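Accompanying notes for the structure given below.
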Amino acid sequence: VLAEKRSLGSRDGPPHLVVVVPLHSRAAAHETLRLLQSQDSALARAEEGRAGGFALLCPRLKQRWRFVTAQAGDLHAVLDLAKVADSLLFILDPVDGWDSAGEHCLSCLFAQGLPSYALAVPGGTDLPPKKRIDARKKLSRSIEKRFPEAKLFPVNTEQESSLLLRHLSSQKQRHVAFRERRAHLLAHTAEFVPGQDSPLLGTLRVSGFVRGHTLSVNSLVHIVGHGDFQVSQVDAPPDPLSLNPRVVKGQKRSQDMEVQDGSGNGADEMEEDVKVLMKADPSKQESLQSEVVPDPMEGEQTWPTEEELQEAEDSLKANRRVVKVPKGTSKYQAAWIVDDGEEGSEKDDDDDEDDDMDDDLMEEAVSQEGESSEEEAGEEESETMTVSECLRDDQYDEKMEEDEQMLGRYKQERMDEMFPDEVDTPRDVPARVRFQKYRGLKSFRTSPWDPKENLPRDYARIFQFQDFSRTRKNLFRQIEKEETEGASVGWYVTLHVCNVPVSVMESFKEGKPLVLFSLLPHEQKMSVLNFLVRRHPGNSEPVRAKEELIFHCGFRRFRASPLFSQHTSADKHKLERFLRPDAALVVTVYAPITFPPASVLLFKQRNNGMHDLIATGSLLSVDPDRIVIKRLVLSGHPFKIFTKTAVVRYMFFNREDVMWFKPVELRTKWGRRGHIKEPLGTHGHMKCHFDGQLKSQDTVLLNLYKRVFPKWTYDPHVPEPVPWVRSESALPEREVDME
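Going by the numbering used here, the sequence shown opens with residue 244, and the numbers climb by one from there.
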């Protein structure tokens, strides 16, 4: 612990990276940075390309810092910088602390994983002394919920700024789990070299200090927000933030590794000082393949062998059946005679169409209520009245269509809470056809379900571990015990990243941070990821399953349409149609493999481009065999009630459907269990037997189940969010708008 603490910011370690985050529009971040730069014993160097960024070198204390400013409204910049920061310096307002944008920023940072931090309060000198003390006490009380036992540092003089600097360098470092075992760096400089084939693709030379773990040239790197890439070469340019510039460049590196001269691999002015540390070995380099290319002929059968032919004959003998046929019928004719139990429909509908029809059945009940109320309103007598111009304002009515859609979602969520999974039996399609992909289960908890049964085509494109937990354990043990060849922590290196689009360099020139993470083995490959999340209390809008959401998982961010399911210890998990506010749910998507621990943040994009935080949690597992079951509930009503039998109607509407679903067990809302004995008539009435007498107000239910899979909607390109609109209070913006 002492060695780790002493190496941070020293000559042999990387500079202490401090990210400055102003949490209020009135927070004086520039004044704080000016006081930090004016230290007597330190030398400040401004960074090129980033406004407000600078490095602070203190040879007397043998410490060096790098300060980078991130605006609280720029969500992606704040989260990306917090992924690699050693410390966060929050700038508060002396009166209000933080505003709504600062509150949103803090919620995201706490969910992602907060490194070491400090709270600075510049300003407040214009207040009278008594009010200044009262404001400081009020601010201390208000931050106790977010930062218990945190100390406020006033920053108004050089002496106070030096105390803050000393606190940053000596405080205990908090570990962020997902970056401890992966090498990462924040780009100090970058240069784009266009390729010969296309000017839009080329080699990106990124220079920065290695952090976290040793960086290997053969492993893949992930540029946050842009994708996975291969590294062709690692150089060792001169350290731009050296505490003692007279030290011969590369002297320490040459003791640990064979260093070769590299001509033309760095900046022109430092060409003679650049050393080539290592070049990629094609035989050891990780591949960029993320999906399996399925072979459509892989399942085709070749000419059968003698053993297979013998097995087929034996199975035919074993499966012979006895059928009553008219006299004189041949064996060929008898084979075409079908029993009543074998009749059925073989119509094959698409799974997504089934799911949409199920949802439409629930939506029709909501829409019919609205239509009936509109018809009643139209039948009433109308009268003419004068309307003022202000009521017909076009700008006011722009959001009415969006409000109607939101009202429909609230109704659907409410109906799902009152009548979970219940649907109306369709009248135009037989129930045995409409629900042909569903099955009944004796017990949802104990009945078997084969995880390899009826898999979708997308499962041929993904990778699966034989034992994911064992692979993860062995990989982490190997990282801790074996020494990796590569650039050690604290080295200033230049990475030659291959086949990078020019948009990455354009983003860096705009002042956005460029963050790189090295990938562990297999982390570029696609699989099925399961996240355990809980609804964020600041968001109450209904979120349906299969809606497009934005994921921030560890060092990645992507868009996908997830499934929601219950978090239980059983082998089957029931699908949830909405993201519940009162329970933890499991979110399932197709995404690249990531080894936990890793935090996850779920955002939903508004129509205006802003991102709302809707749920937070962590990565649960990488498991394609996790079974998510969709349940449908068909309901019927008792028509005639006897001691232990009853006539039930409205569950089905023809005799054939009653016979088809006869083996499925029935239950009632009041706890009775039973089964179908026989159909009555031709309109769906059925005689049922129960374990007790029914009540007249009871409802008879029949449960049907089907396994569902997520949709392949993975998209690694996430649009930049619109900056959060600041308001003086720390309430979320939607509440301020309502007021």
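Beta carbons are placed, not taken as given, at the ideal position from N, Cα and C, and that holds for glycine.
All of these numbers come straight from a predicted model, not from anything done at the bench.
| said: Using a 10 Å radius around the Cβ and a threshold of 16 neighbouring Cβ atoms, would you call H456 buried or exposed? | reply: buried
| What do you reckon, are the CB atoms on P835 and M769 nearer than 8 Å? | yes
| request: For the alpha helix (DSSP H) holding L279, just list the boundary residues, first then last. | output: 272-280
| task | Please name the residue in W692, A803, P840, V776 whose C-alpha comes closest to that of I872. | result | W692
| Bridge partners - E819, DSSP secondary structure assignment | F807
| said: Alpha carbons only, please: which of T811, V776, K930 is nearest the one belonging to I844? | reply: Residue identity differs from the one stated: residue 844 is Leu in this sequence, not Ile. Nearest option by C-alpha distance: V776.
| field | C-alpha distance - L974 paired with G345, whole-angstrom precision | value | Because the pLDDT of L974 is 38, which lies under 50, any placement of that residue in the model is unreliable, and the number read from its coordinates should be weighed accordingly. Rounded to the nearest angstrom, the two C-alpha atoms are 10 Å apart.
| field | N983, buried or exposed, once every other Cβ within 10 Å from all chains shown has been counted against 16 | value | Any question about residue 983 goes unanswered here, given that the chain covers just 244 to 982.
| According to DSSP, is D336 helix, strand or coil? | strand
| query | So who's on the other strand from L762, going by DSSP bridges? | reply | Partner(s): none; L762 has no beta bridge.
| Near I857, which residues of its chain fall below 8 Å by C-beta distance, leaving aside the five closest residues on each side in sequence? | Taken in chain order, the residues that qualify are R778, H779, N782, E784, V786, L792, L822, L845, F846, K847.
| message | Closer than 8 Å is the cut-off here; do at least three beta carbon pairs connect the segment 450-468 with the segment 419-432? | response | yes
| Which two residues bound the contiguous beta strand (DSSP E) that contains K685? | No beta strand (DSSP E) contains K685, which DSSP labels as neither H nor E.
| task | Identify whether P717 lies in helix, strand or coil by the three-state DSSP scheme. | result | The displayed chain sequence assigns Asn, not Pro, to residue 717. Reduced to three states, the DSSP call for N717 is helix.
| To which residues of the same chain is C931 closer than 8 Å at the C-beta, ignoring the five residues directly before and after it? | T888, A889, V890, V891, L909, G917, H918, I919, K920, V943
| D693 in three-state terms, based on DSSP | coil
| message | Given a cut-off of 8 Å on the beta-carbon distance, is the pair K905 and K680 in contact? | response | no
| said: Let's see if you can read the secondary structure: which residues bound the alpha helix (DSSP H) around G345? | reply: 343-355
| query | DSSP state of Q402, grouped into three classes? | reply | helix
| So, helix, strand or coil for R670, using DSSP? | It is coil, neither helix nor strand.
| field | Secondary structure of K988, DSSP reduced to three states | value | Outside the shown range of the chain (244 to 982) lies residue 988, about which nothing can therefore be said.
| task | Find out if the Cβ-Cβ distance for the pair P258, F435 is shorter than 8 Å. | result | Between P258 and F435, the C-beta gap is not smaller than 8 Å, which leaves the two residues out of contact.
| request: Go through its chain and collect everything with a Cβ distance to G356's Cβ below 6 Å, but skip five positions before and after it. | output: Excluding residues within five positions, the ones whose Cβ falls inside 6 Å are V419, S842.
| said: Here's the rule: buried if 16 or more other CB atoms are within 10 angstroms of the residue's CB, otherwise exposed. What is E409? | reply: According to the sequence displayed, residue 409 carries Arg and not Glu. When all chains shown are included, R409 counts as exposed.
| task | Go ahead and label M649 buried or exposed: buried means 16 or more other beta carbons lie within 10 angstroms of its beta carbon, across all protein chains shown. | result | exposed
| Segments assigned beta strand (DSSP E), at least 3 residues, entirely inside the segment 419-471 | 427-429, 432-437, 444-452, 464-466
| query | In chain order, what residues of the same chain have a beta carbon less than 8 Å from the beta carbon of F711, not counting five sequence neighbours either side? | reply | S864, V865, D866
| request: Quick one: using the 10 Å Cβ neighbour count with 16 as the cut-off for buried, is D524 buried or exposed? | output: exposed
| Straight-line Cα distance separating A788 from P964 | Computed Cα separation, rounded: 22 Å.
| message | Once the 5 residues before and after R688 are set aside, which same chain residues still bring their CB inside 8 Å of it? | response | A813, K815
| Just checking, does the segment 466-478 make contact with the segment 354-370 on the three C-beta pairs under 8 Å criterion? | no
| field | Check whether I884 and Q940 have beta carbons under 8 Å apart | value | no
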